[in-house]
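Chemist: Chains as they are written, first to last, in full-length UniProt numbering: chain C, 1 to 275; chain S, 1 to 275.
Where is the CB? At the ideal position from N, CA and C, for every residue including glycine.
Since we're looking at a predicted model, the values are computed, not measured.
#1: Given a threshold of 16 other Cβ atoms within 10 Å of its Cβ, counted over all protein chains shown, does residue 284(S) qualify as buried or as exposed?
#2: Anything in chain S within Cβ reach of residue 17(C), meaning under 7 Å, just list it in chain order.
#3: Where residue 178(S) and residue 235(S) are concerned, what is the direct C-alpha to C-alpha distance, given to the nearest angstrom?
#4: Would you say residue 6(C) lies against chain S (beta-carbon separation less than 8 Å)?
#5: Less than 8 Å between the C-beta atoms of residue 184(C) and residue 126(C), yes or no?
#6: Going by alpha carbons, who is nearest to residue 132(S) out of 202(S), 80(S), 72(S) and 173(S)?
#7: So for residue 256(C), helix, strand or coil by DSSP?
#8: From this set, 110(C), 70(C) and 108(C), which residue's C-alpha is nearest residue 92(C)'s C-alpha?
#9: Note down, in chain order, all residues in the region 222 to 237 of chain S with a beta-carbon under 7 Å from any beta-carbon belonging to chain C.
#10: Which chain C residues sit within Cβ distance under 8 Å of residue 268(S)?
#11: Comparing the C-beta of residue 53(C) with each C-beta of chain S, is any distance below 8 Å?
#12: Using the DSSP secondary-structure output, state which residues sit across from residue 216(S) in a beta bridge.
#13: Buried or exposed for residue 219(S), going by 16 or more other Cβ atoms inside 10 Å?
#14: Thinking residue 224(S) and residue 31(S) are a contact (beta carbons under 8 Å), I'd like their distance in whole angstroms, please.
#15: Given a cut-off of 8 Å, decide if residue 17(C) and residue 25(C) are closer than it, judged by their beta-carbon atoms.
#16: Under a three-way DSSP split, which group does residue 41(C) fall into?
#17: Closer than 7 Å by beta-carbon distance: list the chain S residues that pair up with residue 189(C), in chain order.
#18: Helix, strand or coil for residue 175(C), going by three-state DSSP, please let me know.
#19: Please name the residues in the region 17 to 49 of chain S whose beta-carbon is closer than 8 Å to at least one beta-carbon of chain C, in chain order.
#20: Can you look up residue 86(S) in the DSSP assignment and give me helix, strand or coil?
#21: So residue 63(C) is in the alpha helix (DSSP H); what residue range does that whole segment cover?
#22: Nearest chain C C-beta to residue 242(S) closer than 8 Å, yes or no?
#23: Since residue 101(S) and residue 78(S) should fall inside the 8 Å C-beta cutoff, what is the C-beta to C-beta distance between them, to a whole number of angstroms?
#24: Would you give the residue range spanned by the alpha helix (DSSP H) that residue 1(S) belongs to?
#25: Take the Cβ of residue 58(C) as the centre, count every other Cβ of all protein chains shown within 10 Å, and call the residue buried at 16 or more, exposed below.
#26: Provide the residue(s) that pair with residue 94(S) in DSSP beta bridges, ordered along the chain.
#27: Cα separation between residue 257(S) and residue 65(C)?
#28: Just by C-beta distance, which residues in the region 62 to 85 of chain S are closer than 7 Å to chain C?
#29: Does DSSP classify residue 238(S) as helix, strand or coil?
#30: Looking at chain S, which residues of the region 206 to 219 of chain C have a Cβ within less than 7 Å of any of its Cβ atoms?
#31: Check residue 146(C) in the structure and name its three-state DSSP category.
#32: Please report the residue range of the beta strand (DSSP E) in which residue 132(S) lies.
#33: Any beta carbon of chain S sitting closer than 8 Å to that of residue 89(C)?
#34: Would you say residue 262(S) reaches chain C, if we count a Cβ-Cβ gap shorter than 8 Å as a contact?
#35: Does the separation of the CB atoms of residue 41(C) and residue 252(C) fall below 8 Å?
#36: Quick one: what does DSSP say residue 77(C) is sitting in, helix, strand or coil?
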């Protein structure tokens, strides 16, 4: 018997992957969670039917959430990750020695538990002493935090289910207040081929709150359309003004100092969306 | 009944698209040809089971084959397209007024015939008086041409079936000789996620023949991995030395003068492949 997992990325288009083993398939308090092994992409975490991360391509997303913001802020000491229970963004954050503390607020403890068990390559730094893991509502954590973080990263699922409030204007206002005076935030903001309205709305909302707003992209094969966007809102520091000759070469597979600039150059139709 | 077309992009991974109409499904002299209408991407040309082009995302590929090379060459008058029977690359080439003649050599006349009938948005310029269409073997045409073209574009299928010889070292040598003394060629060279060996080999071969070799990428949702590469070999002109402030803004949806540079900045793991 051949088992194939299919994600309908839109009602009429999807990806399909051959599954070699199903480790977990359960309904948590918040969502459907599956942990699969696939022949092409290795182990795969699926939430509410959507691919969250795979061993083969996880580095793209995790590096591209973490490094552009951390190399834009001159001295990021306190960093918050909202969501991201697999631990991949945390792993990348810890590559920056100036970060003293990285706080992870994940609403679904099961994501953390199963990522630790089945995705050790990704989750391996969650027990690092510089990391604080909170199983809690990220929205509430943001609302309760004031002038506290240098960088906030929103590593959420799509704007359905538990992550829906994380795409609202009030959430971005809360992030602004949770950041210190020269703070930066970055959020994953879906893809421009199937979710252009979302990108247009998020960009507009964030521009009303942050003086500097930049959108960049990265290629993620298992995410819809293969082109993912990230939106950065910044109080003082502009990622495009960073002297890339001063960015050290980290151990990365996707991000590079050269890409720090180039990733912000978007295809024309995406430029038009975020203008 | 719901009809879904599935392309296995690797033995264990693929894309699937809901089909609303099947206009053509036949075996031509050279390959299996299907012309479908899909709900998400509109009309779709499929050769040997692989998506060649769709109405929704065709602009990416066609613009990114044509414009980087044409804006690198200072005066491209004679341009050759090998393959590309749908006419999309030809349409983009004609946006450059200095091009006097664009020759298309497509091995399979049926691709031209059905593209004219079902994809007029793409094929509409094939009857333009600046265009010469030859139904012929592109490999032979290259071997027989000497010092003739300013720019040659290889718009082929994957390196299986009729296009296999178009990925061989001897073909690149033939292209070198078919080009004038400051000529440029560009070829689609598949994706770095599933075809890394091919990219490594092509880059190595082309570097043995052309003094300037550059690889760039573009996001194409219906192509494997969503990240497509293009390899440019040039006798004299370097695409990275172009003064992008002098590139005019064409009517495009993907390419822009800003992207002319940024597209050559590759993810680190792809840089490593083509080094």
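Modeler: Quick answer:
#1: Outside the shown range of chain S, which is 1 to 275, sits residue 284(S), and nothing can be said about it.
#2: Against the first chain, residue 17(C) aligns to sequence position 17. The contacting residues are 12 and 13.
#3: Working through the second chain from its first residue, we reach residue 178(S) at position 178. Working through the second chain from its first residue, we reach residue 235(S) at position 235. In a straight line, the C-alpha of residue 178(S) is about 12 Å away from that of residue 235(S).
#4: For this step, residue 6(C) is matched to residue 6 along the first chain. Output row for residue 6(C): interface = yes.
#5: For the purposes of this step, residue 184(C) is identified with residue 184 of the first chain, where counting begins at 1. For the purposes of this step, residue 126(C) is identified with residue 126 of the first chain, where counting begins at 1. Taking 8 Å as the Cβ cut-off, residue 184(C) and residue 126(C) do not qualify as a contacting pair.
#6: The residue you call residue 132(S) lines up with position 132 of the second chain. Measuring from the Cα of residue 132(S), the nearest candidate turns out to be 80(S).
#7: Numbered from 1 along the first chain, position 256 holds the residue referred to as residue 256(C). Residue 256(C) falls in the coil class under three-state DSSP.
#8: For the purposes of this step, residue 92(C) is taken as residue 92 along the first chain, with counting starting at 1. Looking at the Cα atoms, 70(C) is the closest of the given residues.
#9: 225, 226 and 227
#10: Residue mapping note: residue 268(S) aligns to position 268 of the second chain, counting from 1. In chain order: 252, 253, 254, 255, 256 and 259.
#11: The sequence position of residue 53(C) within the first chain is 53, counting from 1. So no, residue 53(C) is outside the interface.
#12: Taking the second chain and counting its residues from 1, one reaches residue 216(S) at position 216. In the DSSP output, where bridge partners are listed per residue, residue 216(S) has 230(S).
#13: Here residue 219(S) corresponds to residue number 219 of the second chain, with the count starting at 1. Burial call: buried.
#14: Your numbering for residue 224(S) matches position 224 in the second chain. Your numbering for residue 31(S) matches position 31 in the second chain. Actually they do not touch by this definition, with Cβ atoms about 18 Å apart.
#15: As a working note, residue 25(C) is residue 25 in the first chain. As a working note, residue 17(C) is residue 17 in the first chain. No, Cβ-Cβ distance for residue 25(C) and residue 17(C) is not below 8 Å.
#16: Looking up residue 41(C) in the first chain gives position 41. DSSP places residue 41(C) in coil when its eight states are reduced to three.
#17: One-based indexing of the first chain puts residue 189(C) at position 189. Near residue 189(C) there are no residues of chain S at all, since even the closest Cβ is about 15 Å away, more than 7 Å.
#18: Here residue 175(C) refers to the residue found at position 175 of the first chain. The answer is helix: DSSP assigns residue 175(C) an H, G or I state.
#19: 17, 18, 38, 39, 40 and 41
#20: Along the second chain, one-based indexing puts residue 86(S) at 86. Coil.
#21: On the first chain, position 63 is the one that residue 63(C) refers to. Run containing residue 63(C): 58 to 70, per the alpha helix (DSSP H) assignment.
#22: By 1-based counting over the second chain, the position of residue 242(S) is 242. No, because no Cβ of chain C sits closer than 8 Å to the Cβ of residue 242(S).
#23: Translated into the one-based positions of the second chain, residue 101(S) becomes position 101. Translated into the one-based positions of the second chain, residue 78(S) becomes position 78. Indeed they touch by this definition, with Cβ atoms about 6 Å apart.
#24: By 1-based counting over the second chain, the position of residue 1(S) is 1. Counting along the chain, residue 1(S) falls outside any alpha helix (DSSP H), and DSSP gives it neither H nor E.
#25: Translated into the one-based positions of the first chain, residue 58(C) becomes position 58. With 16 or more Cβ atoms within 10 Å of its Cβ, residue 58(C) is classed as buried.
#26: Within the second chain, residue 94(S) is the residue found at index 94, counting from 1. Residue 94(S) pairs with nothing; no bridge assigned.
#27: By one-based count along the second chain, residue 257(S) stands at place 257. By one-based count along the first chain, residue 65(C) stands at place 65. Approximately 26 Å, taken between the alpha carbons.
#28: none
#29: For this step, residue 238(S) is matched to residue 238 along the second chain. Coil at residue 238(S), not helix or strand.
#30: 219
#31: Residue numbering aside, residue 146(C) sits at position 146 when the first chain is read from its first letter. Residue 146(C): coil per DSSP, three-state reduction.
#32: To locate residue 132(S), count along the second chain from 1; it is residue 132. 131 to 135 is the extent of the beta strand (DSSP E) around residue 132(S).
#33: Position 89 of the first chain, counted from the start, is the residue given in the question as residue 89(C). Taking Cβ atoms only, chain S never reaches closer than 8 Å to residue 89(C), which makes this a no.
#34: Within the second chain, the letter at position 262 stands for residue 262(S). Chain C contact via Cβ: present.
#35: As a working note, residue 41(C) is residue 41 in the first chain. As a working note, residue 252(C) is residue 252 in the first chain. Their beta carbons are not under 8 Å apart, which means residue 41(C) does not touch residue 252(C) by this criterion.
#36: Against the first chain, residue 77(C) aligns to sequence position 77. It is coil, neither helix nor strand.
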